[in-house]
Every structure is written in C-alpha cells, then in structure tokens.
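Take a look at the structure set out below.
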Amino acid sequence: MADTATKNSSCTFCKIYESRTGVILETKFFFAQFDRFPASPGHSEVIPKRHIESVLSLEDEEWSDLYGAIRSAISVIEKTDFRALYSGFADSPLSRRSEEFCRLMLKHVGLGKRPDGYNYGINDGRAAGRTIDHLHLHIIPRYFGDVQDPTGGVRHMLPGMGNYKKE
Ligand SMILES: [Zn+2]
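Counting from 803, one number per residue, gives the positions in the sequence shown under the numbering used here.
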C-alpha cells in the first residue's frame, strides 16, 4: 500500500528523498527535483516516494496525486531563475558531464524565458531507456527555437520516426 513506503538504500532517488537534497516540492506521494543533466532549462522529474519501477505499480490514490504533483512542479519551474539555478549546479556539479549539461543551459535559447510548451515522459522499462529503476516522470520544458522543427515531439525518441508530416 502506498503509505507503507518501500525504500531501496542503493537507489539514487530513494537517497535523494531521504536526504531531501534538491527536493523542490513534495505532495502526499511524490516529490520533484531539477535534473542535474538537463535537456532544457527547467527539466525536472516527479518521483514517487515509494520505490517502485513502473507506472503499472501506482495505486489509484497515487495516480490522482500525480496530477497535482505535475502542476506544482510546473509552477516551481515557471518561477525559477534558471541562470542562478544552473550557475549553482555548474559550480558544484555531480560530475564533469553534469557540469557540461548545466553550462549548456546557461547559453540556451530558453534562458530567462518562461517555457512555451512541455514534453512529459516516462521511460517505463530498460527497453524504453530507463537508467534508474525507480519510477520518474520527466517534465521537459520546451522553447520556440530550441530545435529547428519540433513536429512530432516525443516521437523523436525513435530516430527517424518523429516527424511523420515530413515527406
Ligand atoms: Zn528508489
């Protein structure tokens, strides 16, 4: 059951929640953080407090709480000063690669803007690209001009299958 929280002591997300380091919000069943390898300014994850792998393990009450957690995360994203955020991350990076990602954000077309749109994504399973086996929903803000042609959005995860309108 959802409130008998299961934890895994070797799991990155369980450890983050345990320490509350970088936690930007908390609801009854979820918390959120900014990604330290951001794909765009504001890239965040909404993560269940319970250590579960798949959306298929979410209880009904968690599903309903997830909606509020996403809305709250967006509200935080839209109020965040990304220049300060990524300067801070780049100055105390998790790794050299993390620093590179955060420095890229400081030159991003979306820096200093409010997002123009969002992609939401769950890599549900290793075959779907999941690297941390604790369910997390990516919120990836999008900005006009961040890619040449955004048509197809999340379909681009399968190379060549994104823009179904292009002949
Ligand atoms: Zn975990």
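By construction, the Cβ of each residue, glycine as well, lies at the ideal position given by its N, Cα and C atoms. None of the values given here were measured: they were computed from a predicted structure.
Could you say which of the options lies nearest to residue i if we only look at CA atoms?
| i | options | result |
| --- | --- | --- |
| G893 | S874, P840, C904 | Per the sequence shown, residue 893 should be read as Asp rather than Gly. Of the listed residues, the one whose Cα sits closest to D893 is C904. |
| K809 | G931, V949, R852, R932 | R852 |
| I942 | N921, G824, D948, S856 | N921 |
| K881 | S866, Q950, L913, S856 | L913 |
Whose C-beta lies closer than 8 Å to the C-beta of residue i among residues of the same chain, with five residues either side of it excluded?
| i | result |
| --- | --- |
| C1050 | Given that the chain is displayed from residue 803 to residue 969, the structure contains no residue 1050 and the question cannot be resolved. |
| A804 | Note on A804: pLDDT 45, under 50, position unreliable in the model; the coordinate value appears next. Contacts found: F831, R852, E861, E863, E864. |
| T806 | At T806, the pLDDT of 46 sits below 50, so the modelled position is not reliable and the matter cannot be decided from this model. |
Any chance the CB of residue i is under 7 Å from a heavy atom of ligand 1?
| i | result |
| --- | --- |
| F833 | no |
| N810 | yes |
| F884 | no |
| H936 | yes |
Which first and last residues belong to the alpha helix (DSSP H) in which residue i is found?
| i | result |
| --- | --- |
| E847 | No alpha helix (DSSP H) holds E847; the beta strand (DSSP E) holding it covers 846-850. |
When the cut-off is 8 Å and only beta carbons count, does residue i lie next to chain D?
| i | result |
| --- | --- |
| V949 | Here there is only one protein chain, and chain D is not present. |
Could you tell me the boundaries of the beta strand (DSSP E) in which residue i lies?
| i | result |
| --- | --- |
| I941 | 939-944 |
Once you ignore the five residues that flank residue i on each side, which residues in its own chain have a CB closer than 6 Å to its CB?
| i | result |
| --- | --- |
| E901 | A892, P895 |
| C816 | K809, N810, H853 |
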